[in-house]
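Please read the structure below before turning to the comments.
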Amino acid sequence: MKEGGISRFEKLEYFFSTIIGQKEYEDDLKKLLQTFSLILEKKLLACLETEGFKELIQALSPDSKKIIVSGGLQTKLRKIFKDKGLTSNLDGIFGCPDNKIKILKRELKTGLIKPPIIFIGDSKYDYESAKSIGADFVFMSEYTEFLDWQNYFKNKKVKIIKNLRELI
Numbered sequence: 001m002k003e004g005g006i007s008r009f010e011k012l013e014y015f016f017s018t019i020i021g022q023k024e025y026e027d028d029l030k031k032l033l034q035t036f037s038l039i040l041e042k043k044l045l046a047c048l049e050t051e052g053f054k055e056l057i058q059a060l061s062p063d064s065k066k067i068i069v070s071g072g073l074q075t076k077l078r079k080i081f082k083d084k085g086l087t088s089n090l091d092g093i094f095g096c097p098d099n100k101i102k103i104l105k106r107e108l109k110t111g112l113i114k115p116p117i118i119f120i121g122d123s124k125y126d127y128e129s130a131k132s133i134g135a136d137f138v139f140m141s142e143y144t145e146f147l148d149w150q151n152y153f154k155n156k157k158v159k160i161i162k163n164l165r166e167l168i
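Take 1 as the starting number for the sequence shown in the working numbering and just add one per residue.
Printed below as a string of structure tokens:
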């Protein structure tokens, strides 16, 4: 589960099909995803929001589109953001079963997001997702699980911040 930003669906599907070589795993996958989702929802409801999130969203131009793209389950993400009162200034909250690259390409095609685009993320996959649509990338280090991020981004054109407060 180390690859941050990739959906749990993709990770667990890979686990069943490739690592343990299970051919019929749909029921097991569904049960595991439900269990994981319940545990994660409780933890997310209890955790604090990213420092500077509300202030940054409010500081951005009302004309700019602000979306959340996550590896988490879309229905749960939307519920959690709504329950925490964080949806009013957002134009969309997206997650799995679609992966981030698919979501970004789709929303670019539909016109919800338009260049220039800034993608703020905390994983290598976030960077790859941003690059897949030609977006600028800002790496946020405070919550990352990406251990080699300093070396990875050393020669890349990436702004590095600790948390969102640095962008306000």
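All residues carry an ideal CB built from backbone N, CA and C; glycine is no exception.
DSSP on residue i, reduced to helix/strand/coil?
i      : result
Leu73  : strand
Lys159 : strand
Just reading off the beta strand (DSSP E) that residue i is part of, what are its end residues?
i      : result
Phe94  : 92-96
Asp136 : 136-140
Ile118 : 118-121
When you compare only the Cα positions, how much space is there between residue i and residue j?
i      : j      : result
Arg165 : Phe15  : 37 angstroms
Phe139 : Ile168 : 15 angstroms
Tyr127 : Tyr143 : 15 angstroms
Met1   : Lys159 : A caution first: Met1 carries a pLDDT of 43, below 50, which makes its placement in the model too unreliable to give a value.
Ser88  : Asn155 : 37 angstroms
Using CA coordinates, which residue listed in the options is at the minimum distance from residue i?
i      : options                        : result
Asp122 : Leu108, Leu147, Pro116, Leu112 : Leu147
Lys6   : Lys23, Gln150, Ile161, Gly72   : The residue you asked about is not Lys; residue 6 is Ile in the sequence shown. Closest option to Ile6, Cα to Cα, is Gly72.
Pro115 : Leu56, Asp126, Ser64, Glu55    : Ser64
Ala135 : Ile57, Ile113, Phe153, Ser61   : Ile113
Between which two residues does the alpha helix (DSSP H) harbouring residue i extend?
i      : result
Lys114 : It is not in any alpha helix (DSSP H) - Lys114 carries neither H nor E in the DSSP assignment.
Val153 : Going by the sequence as given, residue 153 is Phe instead of Val. It spans 149-153 - the alpha helix (DSSP H) in which Phe153 sits, taken as one unbroken run.
*Are the region 16-29 and the region 75-93 in contact at 8 angstroms, needing three or more beta carbon pairs?*
With a cut-off of 8 angstroms, the region 75-93 and the region 16-29 do not count as touching, because too few Cβ pairs lie within range.
*Three or more beta-carbon pairs under 8 angstroms between the region 76-86 and the region 98-114, yes or no?*
Too few Cβ pairs lie closer than 8 angstroms, so no.
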